[in-house]
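Each residue of the sequence shown is one higher than the one before, starting from 3 at the first, in this note's numbering.
Even for Gly, the Cβ is constructed at its ideal location relative to N, Cα and C.
Bear in mind the structure is a predicted one, so any value in this text is a computation, not a measurement.
Below is one structure, written out as structure tokens; the observations come after it.
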Amino acid sequence: MENTFTDLSHINVRGGDGGAGCMSFRREAFVPKGGPDGGDGGRGGSVVVEADPQLSSLIDYRYKHHFRAERGTHGQGARRHGRDGEDLVLRVPVGTVVRELDPATQTPLYDIADLTSPGERVVVAPGGAGGRGNIHFVTSVRRAPAFAEKGEPAREHWIELEMKLMADAALVGMPSVGKSSLIARISAARPKIADYPFTTLVPNLGVARAANGQSFVAADVPGLIEGASEGRGLGHQFLRHIERTALILHVVDVTGGYEGRDAVEDYRTINAELAAYASELASRPQIVVANKCDLPGTEDAVERLRAVAEEDGHEFFAVSAATGSGLDALVTRCAAEVARLRSQAASDEPTVDLSERWERERQRRERRICVTREERHAWRVTGPQIERMVIQTDWENDEAVAYLQHRFDRCGLDDALAKAGAVNGDEVRILELAFTFEGTERAPEPDVVEEELDETFDVVDDGEGEE
Ligand SMILES: Nc1nc2c(ncn2[C@@H]2O[C@H](COP(=O)(O)OP(=O)(O)OP(=O)(O)O)[C@@H](O)[C@H]2O)c(=O)[nH]1
Ligand SMILES: [Mg+2]
Numbered sequence: 003m004e005n006t007f008t009d010l011s012h013i014n015v016r017g018g019d020g021g022a023g024c025m026s027f028r029r030e031a032f033v034p035k036g037g038p039d040g041g042d043g044g045r046g047g048s049v050v051v052e053a054d055p056q057l058s059s060l061i062d063y064r065y066k067h068h069f070r071a072e073r074g075t076h077g078q079g080a081r082r083h084g085r086d087g088e089d090l091v092l093r094v095p096v097g098t099v100v101r102e103l104d105p106a107t108q109t110p111l112y113d114i115a116d117l118t119s120p121g122e123r124v125v126v127a128p129g130g131a132g133g134r135g136n137i138h139f140v141t142s143v144r145r146a147p148a149f150a151e152k153g154e155p156a157r158e159h160w161i162e163l164e165m166k167l168m169a170d171a172a173l174v175g176m177p178s179v180g181k182s183s184l185i186a187r188i189s190a191a192r193p194k195i196a197d198y199p200f201t202t203l204v205p206n207l208g209v210a211r212a213a214n215g216q217s218f219v220a221a222d223v224p225g226l227i228e229g230a231s232e233g234r235g236l237g238h239q240f241l242r243h244i245e246r247t248a249l250i251l252h253v254v255d256v257t258g259g260y261e262g263r264d265a266v267e268d269y270r271t272i273n274a275e276l277a278a279y280a281s282e283l284a285s286r287p288q289i290v291v292a293n294k295c296d297l298p299g300t301e302d303a304v305e306r307l308r309a310v311a312e313e314d315g316h317e318f319f320a321v322s323a324a325t326g327s328g329l330d331a332l333v334t335r336c337a338a339e340v341a342r343l344r345s346q347a348a349s350d351e352p353t354v355d356l357s358e359r360w361e362r363e364r365q366r367r368e369r370r371i372c373v374t375r376e377e378r379h380a381w382r383v384t385g386p387q388i389e390r391m392v393i394q395t396d397w398e399n400d401e402a403v404a405y406l407q408h409r410f411d412r413c414g415l416d417d418a419l420a421k422a423g424a425v426n427g428d429e430v431r432i433l434e435l436a437f438t439f440e441g442t443e444r445a446p447e448p449d450v451v452e453e454e455l456d457e458t459f460d461v462v463d464d465g466e467g468e469e
């Protein structure tokens, strides 16, 4: 029961790789051996998904599926840092849900974001960090570090974009007033129309287009009755849908229907239900539509309703879904009003960046270290961050390797292995590499949480207590 059309796309996104840090020493006339001066690599650009109110489909992602942000450039001597890569911004319609996909099965793993307001954005593939230049590895005992860090390779993700078309305007009114007939007349929607109440059981959506090309999405909502706000009829669940639309098209049957109801009374009843459900609905922009004006003897009701609606500050249109009279003017006016409300919403909304929240979640997953026993004396260690430390290390360089050992210790790997039961001399496997475990003599700290080991990348001097 959604008042939505969906449009779905699976795309592959990848941030830019980080540039490599530089290993360099100052060279100056009359200075025999200068200090280290290798700059950092630039950070790779990120892939960002942003909600754009100008878009109405995911067509841009139907044929092109791979998106990659720019890489960071390498650091250079004389402390020159590499340039950061540009972010790649993928624009999607407002109302797009972004999900992380399992790359193997292409099934959704979790929601990354629901971009419901203009300008909302989320990073879906962060760029890799730049490697640090050798100036960072100076310590009291290592004056001339002859190594630098490689750039962090960005990872690729598969994500799902699902556009849930949100209605701009909701056709609201008593049952059988002609809401479905109206949407059928002004859009390509083909809902069931019949002369008994509650013909429409779920909302129907249609795109209505004015002669000037402006368009809006209208939702034909099941009929409301007195008490709807307390759950009578099909009430509640559809009022929730109405809450998400910017404009209410309040449809009134000027014939009063079979029960000989009064048009003005119907109008008041529905507005009272809207207000009772949520007070904001009472102040939501509303256009009053008097329908079935083709039928004879309705002039009096039309004029009385017009007077009441205008007194309430609402625009008023007398139409006939049967003959089409008055519909062009109504659609033109609604389209203009929706455009105005959209641009107002766009300027009211502060740009919301959801990246931070999901970035924290990502980092938590990143730091996870998993130790499994592969043989009696061989352990496999997996985890995104620890594996990247291995990838970022230059294995040709002994100093770089020694530094990696130090990082392992600091991120709690030794403790995690000891806790798992590893003993001195055991083999530790990470990716395709094998190390020998040299367990510390001290007992592992009781409160070490192996799943959330904290390794930060921004510490400049790691030399404390080393070597
Ligand atoms: N004469 C006339 N009949 C109309 C007009 N609009 C709708 N009707 C008739 O009114 C009846 C109800 O129309 P629907 O469009 O199904 O009404 P609805 O508001 O969608 O009704 P529910 O879905 O039950 O809430 C049908 O028999 C339509 O043919 C109109 O402008 N003139
Ligand atoms: Mg209907």
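In three-state terms, what does DSSP make of residue 271? helix
Residue range of the beta strand (DSSP E) that includes residue 417: Where residue 417 is concerned, there is no enclosing beta strand (DSSP E), although the alpha helix (DSSP H) it sits in stretches over 415-422.
As a quick exercise: from 404, 145, 276, pick the residue whose alpha carbon is nearest that of residue 284. 276
For the stretch 72-87 against the stretch 104-114, are there 3 or more C-beta pairs whose distance is under 8 Å? no
Suppose you measure from the CA of residue 286 to the CA of residue 63; what does that come to, to the nearest Å? 34 Å
Alpha carbons only, please: which of 127, 20, 92, 169 is nearest the one belonging to residue 250? 169
Verify whether the separation of the beta carbon atoms of residue 129 and residue 47 is less than 8 Å. yes
Helix, strand or coil, according to DSSP, for residue 82 in the structure here? strand
If the criterion is Cβ atoms closer than 8 Å, does the pair residue 255 and residue 294 meet it? yes
Alpha carbon to alpha carbon, how far is residue 417 from residue 402? 22 Å
In its own chain, which residues sit with a C-beta less than 7 Å from the C-beta of residue 444, not counting the 5 before and 5 after it? Residue placement at residue 444 is flagged as unreliable, the pLDDT there being 46, under the threshold of 50; a coordinate-derived value is accordingly withheld.
Look at residue 225 and residue 178 and say whether their C-beta atoms are less than 8 Å apart. yes
So is residue 198 buried or exposed if we call it buried at 16+ other beta carbons inside 10 Å? exposed
Using a threshold of 8 Å, state whether the C-beta atoms of residue 162 and residue 12 are closer than that. yes
Tell me whether the beta-carbon of residue 436 lies closer than 8 Å to the beta-carbon of residue 381. no
Using the Cβ count rule (16 or more neighbours within 10 Å means buried), how would you classify residue 415? buried
Assuming residue 191 and residue 17 form a contact by the criterion Cβ under 8 Å, report the distance between their Cβ atoms to the nearest whole angstrom. With a Cβ gap of about 41 Å, residue 191 and residue 17 do not count as contacting.
If I'm right that residue 257 touches residue 228 with Cβ under 8 Å, what's the distance once you round it to whole angstroms? With 8 Å as the limit, residue 257 and residue 228 do not qualify as a contact, their Cβ atoms being about 19 Å apart.
DSSP three-state assignment for residue 336, whether helix, strand or coil: helix
Segment limits, beta strand (DSSP E) that includes residue 217: 217-222
Comparing the CB of residue 181 with every heavy atom of ligand 2, is any distance shorter than 7 Å? yes
On a Cα-Cα basis, can you pick out the residue from 413, 155, 139, 194 that is closest to residue 148? 139
Closer than 6 Å by C-beta to residue 290: which residues in its own chain qualify, once you throw out the five before and the five after it? Chain order, please. 252, 311, 316, 318
If you follow the alpha helix (DSSP H) that residue 310 is part of, which residue opens it and which one closes it? 301-313
C-beta atoms of residue 210 and residue 99 nearer than 8 Å: no
Does residue 288 pass the burial test, meaning 16 or more other C-beta atoms within 10 Å, or should it be called exposed? buried
Are there any heavy atoms of ligand 2 lying less than 7 Å away from the beta-carbon of residue 193, as far as the coordinates show? yes
C-alpha gap between residue 51 and residue 73, whole angstroms: 18 Å
Could you check if residue 222 belongs to the surroundings of ligand 2, using beta carbon to heavy atom distance under 7 Å? yes
Tell me the DSSP bridge mates of residue 381? 375, 430
May I ask which residues mark the beginning and end of the alpha helix (DSSP H) holding residue 94? Note, residue 94: premise wrong, no alpha helix (DSSP H); beta strand (DSSP E) at 90-95.
Nearest-angstrom beta carbon gap, residue 45 and residue 131 [assumed within contact, 8 Å]: 6 Å
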